[in-house]
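For what it's worth, this note's numbering labels the leading residue of the sequence shown as 181, then goes sequentially. No residue lacks a Cβ here, since even glycine has one placed at the ideal position from N, Cα and C. See below for the structure under consideration.
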Amino acid sequence: MKISCACGEVIPDQTDFIPYKARFVADMDWDDVAEGDVGERLWEWSRCMWQCTACGRLYVEDRQGGLHCFAPEKAGVPSDLLGSAHGDAWKRPLVGNWRARASGGPPGELWWGFGVSDEGMEEFSRWSDLERRYHEVFERLRDRDVLRSAFLRHEGRIVHEWPGRAPEGEVQTGTFH
Numbered sequence: 181m182k183i184s185c186a187c188g189e190v191i192p193d194q195t196d197f198i199p200y201k202a203r204f205v206a207d208m209d210w211d212d213v214a215e216g217d218v219g220e221r222l223w224e225w226s227r228c229m230w231q232c233t234a235c236g237r238l239y240v241e242d243r244q245g246g247l248h249c250f251a252p253e254k255a256g257v258p259s260d261l262l263g264s265a266h267g268d269a270w271k272r273p274l275v276g277n278w279r280a281r282a283s284g285g286p287p288g289e290l291w292w293g294f295g296v297s298d299e300g301m302e303e304f305s306r307w308s309d310l311e312r313r314y315h316e317v318f319e320r321l322r323d324r325d326v327l328r329s330a331f332l333r334h335e336g337r338i339v340h341e342w343p344g345r346a347p348e349g350e351v352q353t354g355t356f357h
């Protein structure tokens with residue numbers, strides 16, 4: 181999904197963990213959502229809003245899925261109104277992917293975070309460079325306690341995953357395949 185803002189910017193929504201997107205629940209529904217299966221109710225009863233990082237306009241989804249735009253009264257509105265309550269301490273994913281037969285670009289990519297000070301998107305033409313950089317970033321984010329999850333994939337096969345998938349009742353801190 182892409183929203184064309186009135187200022188001319190495009191607001192893309194094509195992935196997860198977007199710092200300019202939020203879900204909200206009407207105050208009238210808040211107590212009902214908190215009862216029962218919270219996860220299911222949050223997904224079902226929440227709506228989305230997006231903020232244009234260029235001009236600060238908010239685009240709010242109504243109950244039928246339509247969008248309504250709200251413009252700031254004055255310039256200088258912070259562009260991170262919908263960012264995490266944790267700010268730069270937000271726990272982010274780390275994803276490394278290698279596809280030797282990639283079309284249109286280098287076969288390796290690495291990304292982590294988005295909308296926080298420690299974020300990145302890098303491309304690699306050699307597997308060894310991607311693997312080395314992945315482990316550097318992994319250690320740094322894990323040591324700072326800002327890592328939500330991580331995986332490194334080579335030709336469709338997961339070669340590292342954190343946290344690892346442990347059998348029920350066991351704790352596993354990481355998996356190297």
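Practice prompt. Report buried or exposed for residue 194, applying the criterion of at least 16 other Cβ atoms within 10 angstroms of its Cβ.
Written response: To locate residue 194, count along the sequence shown from 1; it is residue 14. Exposed: under 16 other Cβ atoms inside 10 Å.
Practice prompt. Report the residue from 225, 234, 197 whose alpha carbon sits nearest the alpha carbon of residue 241.
Written response: Within the sequence shown, the letter at position 61 stands for residue 241. Ranking 225, 234, 197 by Cα distance to residue 241 puts 225 first.
Item to complete: Identify every run of the beta strand (DSSP E) within the region 231 to 313, keeping only runs that are complete inside it and at least 3 residues long; order them along the chain.
Response: 238 to 241, 247 to 250, 272 to 278, 288 to 292, 300 to 304
Worksheet entry | Cβ-Cβ distance between residue 316 and residue 279 below 8 Å | In the sequence shown, the residue the question calls residue 316 occupies position 136. In the sequence shown, the residue the question calls residue 279 occupies position 99. No, the Cβ-Cβ distance between residue 316 and residue 279 is not below 8 Å.
Fill in: Segment contact, 8 Å Cβ cut-off, at least three pairs: the region 265 to 275 with the region 231 to 241
no
Worksheet item: Taking just the CA atoms, how far does residue 292 sit from residue 275?
Response: Within the sequence shown, residue 275 is the residue found at index 95, counting from 1. Within the sequence shown, residue 292 is the residue found at index 112, counting from 1. Distance between the alpha carbons of residue 275 and residue 292: 6 Å.
Worksheet item: Should residue 129 be labelled buried (16 or more other beta-carbon atoms within 10 Å of its own) or exposed?
Response: The chain is shown from 181 up to 357; residue 129 falls before or after that span and cannot be answered.
Item to complete: Leaving out five residues on either side along the sequence, give the residues of the same chain with a beta carbon under 6 Å from the beta carbon of residue 231.
Response: Against the sequence shown, residue 231 aligns to sequence position 51. Hits under 6 Å: 200, 238, 261, 262.
Worksheet item: Quick one: what does DSSP say residue 181 is sitting in, helix, strand or coil?
Response: Within the sequence shown, residue 181 is the residue found at index 1, counting from 1. Three-state DSSP puts residue 181 in coil, outside helix and strand.
Fill in: Residue environment, residue 181, which counts as buried when at least 16 other CB atoms sit within 10 Å
If you number the sequence shown from 1, residue 181 lands on position 1. Residue 181 comes out exposed.
Discussion item. Which residues does DSSP list as the beta-bridge partners of residue 229?
Written reply: For the purposes of this step, residue 229 is taken as residue 49 along the sequence shown, with counting starting at 1. In DSSP, residue 229 forms a bridge with 202, 240.
Worksheet item: Where does residue 319 fall in DSSP's three states?
Response: In the sequence shown, counting from the first residue as 1, residue 319 sits at position 139. Of the three classes helix, strand and coil, the one that applies to residue 319 here is helix, per DSSP.
Worksheet item: Leaving out five residues before and five after residue 211 in sequence, what residues of the same chain have Cβ atoms less than 6 Å from its Cβ?
Response: Position 31 of the sequence shown, counted from the start, is the residue given in the question as residue 211. Excluding sequence neighbours, residue 211 sits near nothing in its chain.
Worksheet item: Which of the three DSSP states, helix, strand or coil, is assigned to residue 341?
Response: As a position in the sequence shown, residue 341 is number 161, starting the count at 1. DSSP places residue 341 in strand when its eight states are reduced to three.
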